[in-house]
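Sequential numbering from -7 applies to the sequence shown in our numbering.
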Amino acid sequence: MPELPEVESIRRQLEPLLTGRYVSEADSHPSGKFTPAREITGLGFEAVSRRGSSFFFILITGLKWLSI
């Protein structure tokens, strides 16, 4: 598990690279618990955020977010 300063550093590097770009393709494990990843195809990134050591990728729709 990375330490928090490293996580923030990575977030700061990712945000300008992803903001304004669009998801061209997405795939996920088939599960009834989660929204299929293909539903975010074509959506754009608005921001990259984090809570603790988890990243949150906020999509332009404002309704969906992606956590890794």
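From the three backbone atoms N, C-alpha and C, an ideal C-beta is built for every residue, glycine too. No experiment lies behind these values; they were computed from the predicted model shown.
Requested in this report: Could I get the ranges of all uninterrupted alpha helix (DSSP H) runs contained in the region -4 to 51, with 4 residues as the minimum, in chain order?
Outcome: Every alpha helix (DSSP H) of 4 residues or more that sits fully in the region -4 to 51 is shown, in chain order, as -4 to 10.
Query raised in the report: Given 8 Å as the limit, is there contact between the region 34 to 41 and the region 13 to 21, that is, 3 or more CB pairs closer than that?
Result: Three or more pairs of CB atoms, one per stretch, sit closer than 8 Å, so the region 34 to 41 contacts the region 13 to 21.
Query raised in the report: Between Ile52 and the rest of its own chain, which residues show a CB-CB distance below 8 Å, the 5 nearest in sequence each way excluded?
Result: Answer for Ile52: Leu35, Gly36, Phe37 and Glu38, listed in chain order.
Query raised in the report: Is Ser20 near Pro8, with beta carbons less than 8 Å apart?
Result: Not closer than 8 Å, so no.
Query - When Ile2, Leu(-4), Pro(-3) and Phe26 are compared against Val40, the one with the closest alpha-carbon - result: The shortest C-alpha separation from Val40 is found at Ile2.
**Report entry** Distance between Leu(-4) and Leu10 (C-alpha atoms, nearest Å)
**Finding:** Rounded to whole angstroms, Leu10 to Leu(-4) spans 21 Å at the Cα level.
Query raised in the report: If you count every other CB in all the chains shown that lies within 10 Å of the CB of Phe26, and 16 or more means buried, which is it?
Result: It counts as exposed.
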